[in-house]
Structure formats: C-alpha cells, structure tokens
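Numbering (full-length UniProt numbering), first residue to last: 1 to 182. Read through the structure below, which is laid out as structure tokens, and then see the notes.
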C-alpha cells in the first residue's frame, strides 16, 4: 500500500497522483493519492494526514512503514507550494511512530538547502525525543541560515487554496476506494 500527500495540478511534476489514480492490475486500490492545492499549513495537513492514515491503518493493517519526509513541503521552498513547518511534519511523523511498527524514515525533496537541513534536524530530534536549541550553532555554512540563524521555519503569507469541501471530497473518495482492498 502506498499513501502520497502531494501537490497535484496540471503541469506540476510528475503530473500524476489524482485521487482517482488507485493503482493498476493486482495493485489496484493499493495506491492512495491525496492531491492538495497550494498553501496548506500544518494544522490542516495534519488533519488530512491523520484522517487518511487512520483509514489506511484500519483497512490494510501494515506490518511496517516506509515514510518519506519531503522537505519541499516547507514554507519558502522554491519547488513546492505548501506552507508548512518542521513542527507540522513532526506531528505527522510522531503519529506514525506511535503505532510502534518497524519504520524506515527517508529524506526527500527540499530545494531550499538551509530549510531542508532545519527540517531534517528537527525531525531527527523528534524521533530521538530531544528538544534542540533554536540557535543554529556556528559552523562552516552558518551564513546560509540567515537572517535569523534559528532552527525555526515560519509559515509565509501564502494563502491556503485547499477549501474544506475539496478535502472532504478527497477523503470521502479515499474511504470509498479503500473498501475495495481485500
């Protein structure tokens, strides 16, 4: 079973991943795509993430999880259009980890290198149950973390284009699709 929460719009790479894309052949119904619009922030993303994963966990009952943590979801990433922070992504990560399943964590995405490092550092600390100082320590690439030189990433003023009705329709479609899983 694969689950992917991602930006989906015409012309945006890879151009696949509509909620109706559910897999082919013996894999039909085992691909869960959660298409989102620009600007989604932490709380709404978490709400969608947990709603989908709750359905997937109860339907599919996985024995292990592979989780790709795309830092291109971060506010300010030049390639993606979401408006998230490491705090929001870590909430999703901890939701999965509380299941106590064998879990493999992978990095991915992230085209603002300083924010990618911030995100993955924050997530590593979350997995280890550690709280980090918000100050970036002095090192060879310290100047890349300006102007505030802190671990935090703040949401931008980008509007959230994900209206509730669209997301409710996506979730309803996913629930219907999962009824076909045997």
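All C-beta atoms, glycine included, are put in the ideal place defined by N, C-alpha and C.
Within the same chain, and ignoring the five residues on either side of residue 52 in sequence, the residues whose Cβ sits closer than 8 angstroms to its Cβ are 3, 5, 32, 34, 171, 174.
Residue 7 counts as buried, since no fewer than 16 other beta carbons sit within 10 angstroms of its beta carbon. DSSP lists 35 as the bridge partner or partners of residue 6. Shown here, residue 66 sits in a strand according to DSSP, grouped into three states. In the three-state DSSP reduction, residue 90 falls in the helix class (H, G or I). The continuous beta strand (DSSP E) containing residue 103 extends over residues 103 to 108. Non-local C-beta neighbours of residue 159 in its own chain, meaning closer than 7 angstroms and more than five positions away in sequence, comprise 39, ordered along the chain.
Counting the other Cβ atoms within 10 Å of the Cβ of residue 58 gives fewer than 16, which makes it exposed. Comparing alpha-carbon positions, the option among 147, 107, 109, 151 lying closest to residue 136 turns out to be 151. Straight through space, the alpha carbons of residue 55 and residue 165 are spaced by roughly 19 angstroms. Here residue 115 has 71, 74, 76, 77, 153 as same chain residues with Cβ atoms under 7 angstroms from its own Cβ, once five neighbours each way along the sequence are excluded. Restricting attention to beta strand (DSSP E) runs no shorter than 3 residues, the stretch 99 to 164 encloses them at 103 to 108, ordered along the chain. Pairing residue 82 with residue 37, the inter-Cα distance amounts to about 8 angstroms. Taking 8 angstroms as the cut-off, the beta carbon of residue 177 is found no closer than this to the beta carbon of residue 50. Within the model, the alpha-carbon separation for residue 130 versus residue 119 is close to 14 angstroms.
Taking a contact to require three or more Cβ pairs closer than 8 angstroms, the stretch 97 to 106 and the stretch 138 to 146 do not qualify as touching. Its chain contains 22, 180 as the residues whose beta carbon lies nearer than 8 angstroms to that of residue 28, once the 5 sequence neighbours on both sides are disregarded; these appear in chain order.
Rounded to the nearest angstrom, the Cβ distance from residue 89 to residue 65 is 15 angstroms, too far for a contact under 8 angstroms. With a contact defined as Cβ atoms closer than 8 angstroms, residue 132 and residue 108 miss out at about 22 angstroms.
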